[in-house]
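In UniProt numbering, the protein residues as written are 1 to 502.
We put the beta carbon where it would ideally sit given N, CA and C, even for glycine.
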Amino acid sequence: MSEEILVNVTPRETRVAVVENGMLQELHIERGWARGVVGNIYKGRVQRVMPGMQAAFIEIGLERAAFLHAADIVKPAVGDGEGDAASLPATPTRPISELLREGQEIVVQVVKDPIGGKGARLTTQISIPSRYLVLLPHTRVVGVSARIEDEAERARLKAHVAALAPAGESHGYIVRTNAEGQSEEALAEDITYLSRVWALIGEKSGSVRVGECVYEDLTLPLRAVRDLIRRDVEKVKVDSRETFERLRAFAAQFMPSTGTAEGPDLVEKIEHYAGARPIFDLYGVEDEIQRALDKQVPLKSGGYLVIDQTEAMTTVDINTGSFLGQRNQEETVYRTNLEAAQSVARQLRLRNLGGIIIIDFIDMNDAEHKRQVLRTLEKALLKDHAKTTVYEFSPLGLVEMTRKRTTESLQRQLTEPCHECSGRGTLKTPETVTYEIFREIVRQVRQFDAARLLVIASPKVVARITDEESAAVAELEEFVGKSIRFQPDDQYAQEQFDVVLL
């Protein structure tokens, strides 16, 4: 599998694309005026405690107060250093009123950006990521990513990290997927780096004021190098000389590695792209971004997906379209669903869709076919960095799943609700607006005295009134006893109109 990371830098926007075998799989966007705050640590003040919700609102200097649930305040149980964090027994959640009081100062970390009308989601269970590890300051757990499946490698990494952890420090670590195959020296460098960062956070948190940032996560290009580069990444291409040099320096300082016969050093994988053609155009990324904003996604077989993102959930509907198949209907449906399962996994990752997701596969009668489609979906989701959970087919033939959401979806980052339809996706027909105008005329005449009336509306509505509804207008003039004139205005949306009394 060929994988490349492309970094496009402009004065106010940075974009990072992950391309696998020539196809865009992920897109990350950071704008100078609206950088995400996930991972940032703030000194906050408890603004309001809500016992009924087991939560509190915390002032951390953002536009809206952030949300902290009681379950994110209680520290994880202290393990013996041998188990994964997920295997530890859950600590019972105490009442929020026992944990926080209004006016209390508290150090918190953002785990979810403000989304829609909701404030940021917070936790007091701080975690600091590095190239190979995640530091957990408040627990002694040593866990290993579930994506490292080799038991011998898991045991080796866990033993190295436990041995390298500084004596006297009650810190825990999670070993990241990128650590697979790394040397003891590389892990030791990460532990040293994390210890230094945590010490600086401790010093700064005591001196900053409420609402100030104690620790800010890396910028998008640096995060991409830290989090996205794996062994199978061939190149990181950057179209900015300044960013290229910064990435090389960062990789050399914090992510040193030694080249092997299997591949070059990480630093050597980072290249400066100086071509005349924009890098995203060269790889077809710009076209893919435009297609990722469409509701309909074509499949190679002739079928298609329809993706609808709502406030509560995202729905995905699969249709056979023009695909007729070669054998019978069940086989045609099965093949379409298999292709759709792979496409759905890619679209969720590309569009950064999170929360509850409902997939309406085409109905299948064969239980084995259902099992294979579900297995294909789960296998395709293994490449996803976000945590996903997939459930069995429901009695209605739907697949329910969840995908962890930390930032806005691609659609909500790049678009806004239509000003004409207010995000409904539909407009009232000219006929409907016409009859609204007629009712408004009667209402105005009954309330106010006027010699004549002027109606200003969109050209499409006025054209319909003066043409198809001319007889109705004559009847209306006779009914109200006033003359009515209609004036088209290009500045008026289809649903917009004004009735002016003259």
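- Bridge pairing for MET53: absent [DSSP].
- Contact check for ALA55 against ILE96 passes: the beta carbons are separated by less than 8 Å.
- In the three-state reduction of the DSSP assignment, LYS118 falls in the strand class, which pools E and B.
- Remark: fewer than three beta-carbon pairs, one from each stretch, lie closer than 8 Å, so the segment 269–289 and the segment 332–347 are not flagged as touching.
- Separation of ARG248 and THR177 (C-alpha to C-alpha, rounded to the nearest whole angstrom) is 22 Å.
- For the pair GLU212 and GLY321, the CB atoms are not nearer than the 8 Å cut-off.
- In this structure, the CA atom of ARG371 is about 10 Å from the CA atom of LEU377.
- For LYS235 against GLU271, the beta-carbon gap comes to about 6 Å, under 8 Å, which counts as contact.
- Counting only runs of at least 3 residues, the segment 244–317 fully encloses the following beta strand (DSSP E) elements, listed from N- to C-terminal order: 270–272, 296–298 and 304–309.
- In this model, ALA199 and THR407 are separated by some 28 Å (Cα to Cα).
- With respect to TYR173, LEU133 sits close: the two C-beta atoms are nearer than 8 Å.
- Short of 8 Å from the beta carbon of ALA188, and not among the five residues preceding or following it, lie these beta carbons of its own chain, in chain order: LEU164.
- Taking a 10 Å sphere around the C-beta of HIS160, we find 16 or more other C-beta atoms and assign the residue as buried.
- If you look at TYR193, you'll find it in the alpha helix (DSSP H) that goes 184–205.
- DSSP, read as helix, strand or coil, puts LYS237 in strand.
- Looking only at VAL110, ASP294, ARG35 and VAL267, the smallest Cα-Cα distance to THR415 is reached by ASP294.
- Secondary structure in the segment 428–485: the alpha helix (DSSP H) runs of 4 residues or longer, each lying completely within the stretch, are 430–447, 459–467 and 470–480 in chain order.
- Assigned with DSSP and collapsed to three states, PRO395 falls in coil, not helix or strand.
- Within a 10 Å sphere around the beta-carbon of PHE244 sit 16 or more other beta-carbons, which makes this residue buried.
- Under the criterion of beta carbons closer than 8 Å, ILE106 and GLY44 qualify as touching, at roughly 5 Å.
- For VAL144, the closest alpha carbon among the candidates ILE279, THR310 and ARG154 is that of ARG154.
- Counting the other CB atoms within 10 Å of its CB gives LYS158 a total of 16 or more, which places it among the buried residues.
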